[in-house]
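Number of protein chains: 2
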Amino acid sequence: MSDADLQLLLQYFKALADETRLRIVGLLAGREHSVEEIAASLGLRTPTVSHHLQRLKDLDLVEMRRDGTTHYYSLRLGELLRMNRELMTAEKVRSLASMEGGEAWERKVLRDFFSGEELKEIPASRKKRLVVLRWLADRFEYGRRYPEAKVNEIISRHHPDFATLRRELIGNALMQRENGVYWRVPDTANA
Amino acid sequence: MSDADLQLLLQYFKALADETRLRIVGLLAGREHSVEEIAASLGLRTPTVSHHLQRLKDLDLVEMRRDGTTHYYSLRLGELLRMNRELMTAEKVRSLASMEGGEAWERKVLRDFFSGEELKEIPASRKKRLVVLRWLADRFEYGRRYPEAKVNEIISRHHPDFATLRRELIGNALMQRENGVYWRVPDTANA
DNA sequence: TATCTACATAGACATACATCTAAGTAGATG
DNA sequence: CATCTACTTAGATGTATGTCTATGTAGATA
Numbered sequence: 620m621s622d623a624d625l626q627l628l629l630q631y632f633k634a635l636a637d638e639t640r641l642r643i644v645g646l647l648a649g650r651e652h653s654v655e656e657i658a659a660s661l662g663l664r665t666p667t668v669s670h671h672l673q674r675l676k677d678l679d680l681v682e683m684r685r686d687g688t689t690h691y692y693s694l695r696l697g698e699l700l701r702m703n704r705e706l707m708t709a710e711k712v713r714s715l716a717s718m719e720g721g722e723a724w725e726r727k728v729l730r731d732f733f734s735g736e737e738l739k740e741i742p743a744s745r746k747k748r749l750v751v752l753r754w755l756a757d758r759f760e761y762g763r764r765y766p767e768a769k770v771n772e773i774i775s776r777h778h779p780d781f782a783t784l785r786r787e788l789i790g791n792a793l794m795q796r797e798n799g800v801y802w803r804v805p806d807t808a809n810a
Numbered sequence: 620m621s622d623a624d625l626q627l628l629l630q631y632f633k634a635l636a637d638e639t640r641l642r643i644v645g646l647l648a649g650r651e652h653s654v655e656e657i658a659a660s661l662g663l664r665t666p667t668v669s670h671h672l673q674r675l676k677d678l679d680l681v682e683m684r685r686d687g688t689t690h691y692y693s694l695r696l697g698e699l700l701r702m703n704r705e706l707m708t709a710e711k712v713r714s715l716a717s718m719e720g721g722e723a724w725e726r727k728v729l730r731d732f733f734s735g736e737e738l739k740e741i742p743a744s745r746k747k748r749l750v751v752l753r754w755l756a757d758r759f760e761y762g763r764r765y766p767e768a769k770v771n772e773i774i775s776r777h778h779p780d781f782a783t784l785r786r787e788l789i790g791n792a793l794m795q796r797e798n799g800v801y802w803r804v805p806d807t808a809n810a
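Protein sequence lines correspond, in order, to chains A and S.
Residue numbering for the first sequence is 620 to 810, as defined by this note's numbering.
Residue numbering for the second sequence is 620 to 810, as defined by this note's numbering.
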């Protein structure tokens, strides 16, 4: 599975896909700078600069040296060039697709959003939310009829906002309702 | 001046700093795909995919082949690897900082006086007003001739007092006028 | 201890942009 | 010509994130 590769590439590109951070990298390439120096050079406030330095540090692209209360940051140019060289190769690019085809990706979504049986958060993107909803729908047996209270209780085992999730299950045609009674519907979108 | 380098780098990183686009790149690395195929693979709508393909095409990272009404997209892997290799070198990184000093202040002025594309207020000081006027002049293409009505309309997008601003553009020799026709003039003060 | 300095962290806010629906376009088909 | 298909374009909407102010913290200084 190439998911780790993809996420690392994504982190790398996101870290550098910002004009301010590129300028900071440029400044640090010349010599080490304190946070205040950077802020003055770029016309920004120090918290803003701290924030960007943190993001660069997350990828080990910069390192910090303390001197009193002053923090001097410098660029790890070798690390930057190494990542750039090793992350983007013909092989890596081709491997980005090796996970497509659905199933591996869906398991990843479930891993990301569940902690055990508990849904940590309702995914914002339609695509990922549908994966979670299919999983939820699978908590219901085919052919069985559930009163609304029972539906709420089952969903509540996994997430407190049962009302939203119940509505989404209906909206995405994973379950049907009539006179306050619910039942599971075969998932045609999966075919 | 390294600004062109910085902007190109920025475009490149922004283009790839998105999970969907990385997945598309991965898919196209294997073989050409139609828009519908990509949309189906990723669980997205076709307009979304078109949008991403357009962004990749802007950087010549993909190319398109028509067959009837179907558009087949494929990856220009060589171009991708070339950009990655040539954009991020020790030299280029160091050059990112070569422009600091004056320009930071100008960006600050623009930040202070603009709210998005809207000029909140015409700066009173000559120096700051000139920064704003240069920005306004950049809304006009070199070599193109604009009737006065068009000039007014373009300026109006950013501030209601187009008459004053249009006069200032002429007065500061950022644009020229003859027989009611306007055109952009190279900014000599920038050299 | 009290204060000051240089940063970091938290939270608010605004902008950029990924995605969607709706509408438009151009080639294929009857 | 009318219709269908595959795609693109336009406009709306929600989320992610860059920047800010306010506040917290750790080392220096008196």
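By construction, the Cβ of each residue, glycine as well, lies at the ideal position given by its N, Cα and C atoms.
Rounded separation between residue i and residue j - CA only
i: A/Pro742; j: A/Asn771; result: 19 angstroms
i: A/Glu797; j: A/Val804; result: 13 angstroms
i: S/Phe811; j: S/Glu787; result: Any property of residue 811 of chain S remains undetermined from this structure, which presents chain S solely from 620 to 810.
i: A/Val668; j: S/Asp686; result: 50 angstroms
i: S/Trp754; j: S/Arg748; result: 10 angstroms
i: S/Glu767; j: S/Gln795; result: 11 angstroms
i: S/Arg776; j: A/Leu635; result: 32 angstroms
i: A/Asp677; j: S/Ser714; result: 24 angstroms
i: A/His671; j: A/Glu656; result: 14 angstroms
i: S/Leu584; j: S/Ile773; result: Since the displayed chain S opens at 620 and closes at 810, residue 584 of chain S lies outside it and no answer follows.
i: A/Ala623; j: A/Arg701; result: 17 angstroms
i: A/Ala709; j: A/Tyr801; result: 51 angstroms
i: A/Gly697; j: S/Tyr692; result: 35 angstroms
i: S/Asp637; j: A/Gly762; result: 42 angstroms
i: S/Pro666; j: A/Arg745; result: 15 angstroms
i: A/Gly662; j: A/Leu625; result: 34 angstroms
i: A/Ile643; j: A/Glu760; result: 56 angstroms
i: S/Thr688; j: S/Val654; result: 11 angstroms
i: S/Arg650; j: S/Leu694; result: 8 angstroms
Residues sharing a beta bridge with residue i, DSSP
i: A/Trp802; result: A/Arg764, A/Gln795
i: S/Asp686; result: S/Thr689
i: A/Leu694; result: A/Val681
i: A/His652; result: A/Tyr692
Residue i: CB within 7 angstroms of a non-hydrogen atom of the ligand HEM
i: S/Tyr801; result: Annotation note on the ligand HEM: not contained in the displayed structure, which lists no ligands.
Coil, strand or helix - residue i by DSSP
i: A/Phe759; result: coil
i: A/Ser775; result: helix
i: A/Arg664; result: coil
i: S/Leu699; result: helix
i: S/Ala636; result: coil
i: S/Leu749; result: helix
i: A/Ala743; result: coil
i: A/Ala716; result: coil
i: S/Asp622; result: helix
i: A/Thr783; result: helix
Interface residues of chain A facing residue i [CB-CB closer than 7 angstroms]
i: S/Leu750; result: The displayed chain sequence assigns Val, not Leu, to residue 750 of chain S. Within 7 angstroms Cβ-Cβ: nothing; S/Val750 doesn't reach chain A, min ~12 angstroms.
i: S/Ala709; result: Leu696, Leu700
Partners in chain A for residue i, counting only beta-carbon separations shorter than 8 angstroms
i: S/Arg763; result: Correct list: empty, because the minimum Cβ distance to chain A is about 27 angstroms.
i: S/Arg713; result: Gly645, Ala648, Gly649
i: S/Ala812; result: Since the first residue of chain S shown is 620 and the last is 810, residue 812 of chain S is not available in this structure.
Under 9 angstroms by beta carbon: chain S residues contacting residue i
i: A/Lys746; result: Leu661, Gly662, Leu663
Listed by chain order, chain S residues near residue i by CB distance under 7 angstroms
i: A/Ala756; result: What A/Ala756 touches in chain S: nothing, since even the nearest Cβ is about 17 angstroms away.
Under 8 angstroms from the C-beta of residue i: neighbouring residues of chain S
i: A/Ala743; result: Within chain S, no residue comes near A/Ala743; the closest Cβ sits about 13 angstroms away, beyond 8 angstroms.
- Message: What are the residues in the stretch 620-643 of chain A lying within 7 angstroms of chain S by C-beta distance?
- Response: Leu625, Leu628, Leu629, Phe632, Lys633, Leu635, Ala636, Glu638, Leu641, Arg642
- With 7 angstroms as the C-beta to C-beta threshold (strictly closer), list the residues of the stretch 674-689 of chain S near chain A in chain order. none
- Message: If the cut-off is 7 angstroms on Cβ atoms, which residues from the stretch 646-675 of chain A count as contacting chain S, listed in chain order?
- Response: Leu646, Ala648, Gly649, Ser660, Leu661, Gly662
- Message: Give me the subset of the stretch 772-802 of chain A whose CB atoms are less than 7 angstroms from a CB atom of chain S, sorted by chain position.
- Response: none
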